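Comments concern the structure below.
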Amino acid sequence: MHIFPVVDQITTLISATSVYGRNYDPRPLTIDLSEKVPRMLDLVGNTRLPDKPLYSDPAAGIGLGMLKSLQSQWTGGDFDWQKEQASLNQFNHFTAKTENQN
């Protein structure tokens, strides 16, 4: 009996050979947002959000209040993207090619 069956399944998937006969070959990944942040901030800052929600059902996605809060936080100049990137990069990240897709 395995204590962590999910870990066993993930390990099997990572080490398995795909249906096309290729290994998944996971490679280390470092998150680098430096080139993407300026454009993202332009897009977020120039997005016009409605005054009231178009849909009231929570299943419709992120609430308008949360979107407005994130827009303000991200474009207000106080959000430190480099700090967030460093925080994310404390963890090991991997990328793998599966079925001819990255």
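Take the sequence shown: its letter number 9 is residue 82 in my numbering, and every next letter is one higher.
For every residue, glycine included, the Cβ atom is placed at its ideal position computed from N, Cα and C.
Values in this document were obtained by computation on a predicted structure and should not be read as measured data.
| Asked | Found |
| --- | --- |
| Reduced DSSP category for Y128 - H, G, I as helix; E, B as strand; rest coil | coil |
| Opening and closing residue of the alpha helix (DSSP H) in which L114 lies | 110 to 118 |
| M139 versus G149: straight-line alpha-carbon distance, rounded | 15 Å |
| Supposed contact pair T120 and Q144 - C-beta distance, whole angstroms, cut 8 Å | 7 Å |
| Among D151, S129, D130, Q163, the one whose alpha carbon lies nearest that of L114 | D151 |
| Beta-carbon proximity check, L116 vs K141, cutoff 7 Å | no |
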